[in-house]
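The sequence shown begins at 40 in our numbering and counts up by one.
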Amino acid sequence: MEERLRDLKERLERLGQGIGVEELRERIRALEAEMARPDFWADRSSAQAKAKELEAARERLQSYETLLRELEDLEILWQLASEEEDEGTKAEVQERLSKLEEKFSRARVEFLLTGPYDPNDCFLSINAGAGGTDAMDWAEMLLRMYTRFSERAGFEARLVDETPGEEAGIKSATLEIRGRYAYGILKGETGVHRLVRISPFDAARRRHTSFAAVTVTPIVPEGDVEINEEDLIIETFRSSGPGGQHMQKNETAVRIIHKPTGIVVTCQNERSQYQNKMTALKILRARLRALMEQERVKKIEELRGELSEIEWGHQIRSYVLQPYQLVKDHRTEVEVGNVEAVLDGEIWPFIWAWLESGEKARA
Numbered sequence: 040m041e042e043r044l045r046d047l048k049e050r051l052e053r054l055g056q057g058i059g060v061e062e063l064r065e066r067i068r069a070l071e072a073e074m075a076r077p078d079f080w081a082d083r084s085s086a087q088a089k090a091k092e093l094e095a096a097r098e099r100l101q102s103y104e105t106l107l108r109e110l111e112d113l114e115i116l117w118q119l120a121s122e123e124e125d126e127g128t129k130a131e132v133q134e135r136l137s138k139l140e141e142k143f144s145r146a147r148v149e150f151l152l153t154g155p156y157d158p159n160d161c162f163l164s165i166n167a168g169a170g171g172t173d174a175m176d177w178a179e180m181l182l183r184m185y186t187r188f189s190e191r192a193g194f195e196a197r198l199v200d201e202t203p204g205e206e207a208g209i210k211s212a213t214l215e216i217r218g219r220y221a222y223g224i225l226k227g228e229t230g231v232h233r234l235v236r237i238s239p240f241d242a243a244r245r246r247h248t249s250f251a252a253v254t255v256t257p258i259v260p261e262g263d264v265e266i267n268e269e270d271l272i273i274e275t276f277r278s279s280g281p282g283g284q285h286m287q288k289n290e291t292a293v294r295i296i297h298k299p300t301g302i303v304v305t306c307q308n309e310r311s312q313y314q315n316k317m318t319a320l321k322i323l324r325a326r327l328r329a330l331m332e333q334e335r336v337k338k339i340e341e342l343r344g345e346l347s348e349i350e351w352g353h354q355i356r357s358y359v360l361q362p363y364q365l366v367k368d369h370r371t372e373v374e375v376g377n378v379e380a381v382l383d384g385e386i387w388p389f390i391w392a393w394l395e396s397g398e399k400a401r402a
């Protein structure tokens, strides 16, 4: 029981660091001081926005402090019950702690995922990197991992594009993942994922290192990002299956090139050329929004005189199958020895650790 109390206290402290409790208090004080000025309501639109921000900040702080206070009450009650050997009170504390743990789990998502697009659905794209056939096989393993994770998380994952490898695996694939907070939960998976194993494609049974890049982008409303038709090159081709064999005789697959940015999007898993085009445009819109957000963050960092360590090509996690078994996240130092479970979609330990570390502020 003492261990459960300590564990929840540590998790609450990490959550407090992740949401920036002290910064939140400072922001509340600053907004309260601003609202006390006689001319605050001169600009009604700005004043309403700040009043709404203050209300939300107060609610977040109050919710966090309520959780902390309830835990402190249980710690005191457990200590008294232990000293007096009061089994009835002990049972009551255990029941209340279970409810508090459930309350904490529900609140954690809302505490940590406060970005404007965090509640949105998302696209998750995987591209095989260095490593040849091994890298393509690795990309397919990641595709399965994220599909399994989505199923377990209660999300709906749909494959909207896939380019098979020549011998095995995939060159690239894109999942459309639907569910509340899908983007907020998965956005930290963006980066390079590294696999170390004895290659099943090497007759000499040597150890190989393979890489695959994962990109997660929010699905945004059509009017959120304007796309000029003149900026697009739209090409059609026949959908291809494994080994380069054609799945269809008609050119239903679509490739869209956005000339100003060089972004290339393909979609070939829908039934018609029109459906593939609409899905490809949706993916392009998501990637353009992500690019705009990335540029906004860079400008803020330049004003602060700092450079972010997190880039789109940053190696975030290593999955080692030989000579030992370990998955390690290089940002949070979280390690999991059960590689098989991770590859079967059990990636929550890495997701929560990243969100609670405060790295989400750089996403």
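All C-beta atoms in this analysis are idealised placements derived from N, C-alpha and C, irrespective of residue type, glycine included.
Computed from a prediction, not measured in an experiment: that's the story for all the values here.
Start-to-end residues for the beta strand (DSSP E) that takes in residue 122: Counting from 1 along the sequence shown, the entry for residue 122 is found at position 83. First-last for residue 122: 83 to 123, but that is the alpha helix (DSSP H), not the beta strand (DSSP E).
Under the three-state DSSP convention, the category residue 217 falls into: Here residue 217 refers to the residue found at position 178 of the sequence shown. DSSP places residue 217 in strand when its eight states are reduced to three.
Beta bridge counterpart(s) of residue 205 as assigned by DSSP: Within the sequence shown, the letter at position 166 stands for residue 205. In the DSSP output, where bridge partners are listed per residue, residue 205 has none listed.
Spatial distance of residue 271 from residue 297 (CA atoms): By 1-based counting over the sequence shown, the position of residue 271 is 232. By 1-based counting over the sequence shown, the position of residue 297 is 258. Going by the C-alpha atoms only, they are around 5 Å apart.
Reduced DSSP secondary structure (H/G/I, E/B, other) of residue 137: In the sequence shown, the residue the question calls residue 137 occupies position 98. Helix, per DSSP.
Segment limits, beta strand (DSSP E) that includes residue 171: Working through the sequence shown from its first residue, we reach residue 171 at position 132. Where residue 171 is concerned, there is no enclosing beta strand (DSSP E), although the alpha helix (DSSP H) it sits in stretches over 171 to 192.
Distance between residue 66 and residue 55 (C-alpha atoms, nearest Å): Locating residue 55 in the sequence shown gives position 16, where the first residue counts as 1. Locating residue 66 in the sequence shown gives position 27, where the first residue counts as 1. When rounded, the separation of the alpha-carbon atoms in residue 55 and residue 66 is 15 Å.
Cutoff 7 Å; reference residue 79; Cβ partners in own chain excluding five residues on either side: Start at 1 with the first residue of the sequence shown, and residue 79 comes out as number 40. The residues are 73 and 86.
Integer Cβ distance of residue 110 from residue 51, believed to fall under 8 Å: Taking the sequence shown and counting its residues from 1, one reaches residue 110 at position 71. Taking the sequence shown and counting its residues from 1, one reaches residue 51 at position 12. The Cβ separation is near 6 Å, so the contact holds.
Closest residue to residue 257 among 395, 248, 226 and 251 (Cα-Cα distance): Residue numbering aside, residue 257 sits at position 218 when the sequence shown is read from its first letter. When only C-alpha atoms are compared, the closest one is 226.
Sheet register partners of residue 164 (DSSP bridge): Stepping through the sequence shown from its first residue, residue 164 is reached at position 125. Bridge partners of residue 164: 213 and 254.
Beta-carbon proximity check, residue 332 vs residue 156, cutoff 9 Å: Position 293 of the sequence shown holds residue 332. Position 117 of the sequence shown holds residue 156. Yes; because the gap between Cβ atoms is below 9 Å, this pair is in contact.
DSSP state of residue 155 mapped onto helix, strand, coil: In the sequence shown, counting from the first residue as 1, residue 155 sits at position 116. Coil.
Paired residues, beta bridge with residue 357 - DSSP: Counting from one through the sequence shown, the residue named residue 357 turns up at place 318. Answer by DSSP bridge pairing, in chain order: 233 and 367.
Cα-Cα separation between residue 236 and residue 373, rounded to whole angstroms: Taking the sequence shown and counting its residues from 1, one reaches residue 236 at position 197. Taking the sequence shown and counting its residues from 1, one reaches residue 373 at position 334. Approximately 20 Å between the Cα atoms of the pair.
Pair within 9 Å by beta-carbon distance, residue 306 and residue 213: As a position in the sequence shown, residue 306 is number 267, starting the count at 1. As a position in the sequence shown, residue 213 is number 174, starting the count at 1. Closer than 9 Å, so yes.
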